[in-house]
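Under the numbering used here, the sequence shown has 124 at position 124, and the numbering climbs by one with no breaks.
Data first, discussion second: the structure below is written as structure tokens.
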Amino acid sequence: MSMSAAMSAALSGLRATQAGLDVVADNVSNAGSADYTRKRLPTRQLVVADKTNGVQTGEVLRSLDLLLQRQMRAEAAGSAYTSTKVTYHDRIDQLFGSPGEAGALDTVINDFTKSLQNLVTSPDSYTARTEVLNNAQLLSQHLNGMSDDVQLMRSEAESAIATAVDRAGEYLRSAATAR
């Protein structure tokens with residue numbers, strides 16, 4: 001091996017070592033970052049005419065635990081599902097209201113039932129008939145309002161699903177064009 005070939009091989013080794021140190025320094029300096037992934041620099045022999053002529057570095061690679069990443073995605077999806085479900089359940093609970101509270105569904109139904117019972121005991125009473133009509137109107141308005149609110153929640157859910165599907169499609173298209 002000539003002196004220039006030896007110097008060239010040594011210089012390529014020093015460059016590879018420097019590049020490796022840069023990667024290690026990045027790993028150490030970002031070790032506390034939550035979204036940082038450890039990186040590594042692969043090296044291989046540079047062979048010319050069946051003789052080692054130095055070291056060649058490849059591209060910096062991220063080290064990923066695919067099983068852990070898959071599990072994290074599944075847990076994040078489960079958490080998002082539960083969070084969305086809780087949000088809609090809370091909204092439905094608000095529609096029904098707290099039992100016994102003024103304006104709650106059970107209170108409106110109980111008022112209507114009481115007015116019907118009063119009408120049964122005194123069918124000739126103008127006040128009892130008016131009370132039944134007023135309570136029936138309140139009940140129907142309450143049920144219609146609840147129905148409108150449920151339909152609004154359904155529309156919001158369908159819109160959110162469509163947005164998520166569109167976003168997933170965009171991600172898939174960008175991943176396909178990146179290859």
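Glycine included, every Cβ here is placed at the ideal spot set by N, Cα and C.
Check: Beta-carbon separation (whole angstroms), Arg91 vs Met153, contact threshold 8 Å; Outcome: 6 Å
Check: Alpha carbon of Asp106 to alpha carbon of Phe96, nearest angstrom; Outcome: 8 Å
Check: Neighbourhood of Ala10 by C-beta distance below 7 Å, restricted to the same chain and skipping five residues each side; Outcome: none
Check: Assigned exposure category for His89 - 16 Cβ within 10 Å defines buried; Outcome: exposed
Check: Rounded straight-line distance, which links the Cα of Leu67 to that of Gly145; Outcome: 48 Å
Check: Cα-Cα separation, Leu172 to Thr113; Outcome: 57 Å
Check: Outcome for Ala49 when other beta-carbon atoms lying within 10 angstroms are tallied against a minimum of 16; Outcome: exposed
Check: Endpoints, beta strand (DSSP E) assigned at Arg91; Outcome: From DSSP, Arg91 is part of no beta strand (DSSP E) but of the alpha helix (DSSP H) over 66 to 96.
Check: Distance between beta carbons of Gly13 and Val55, contact taken as under 8 Å; Outcome: 5 Å
Check: Beta-carbon contacts of Gly100 that lie in its chain and below 8 Å, excluding the five residues immediately before and after; Outcome: Asp106, Thr107
Check: Span separating the alpha-carbon of Arg40 from that of Ala164; Outcome: 34 Å
Check: In chain order, each beta strand (DSSP E) run of at least 3 residues that lies wholly inside the segment 97 to 151; Outcome: none
Check: Unbroken alpha helix (DSSP H) run spanning Gly13, endpoints; Outcome: 3 to 29
Check: Identified DSSP bridge partners for Thr57; Outcome: Thr43
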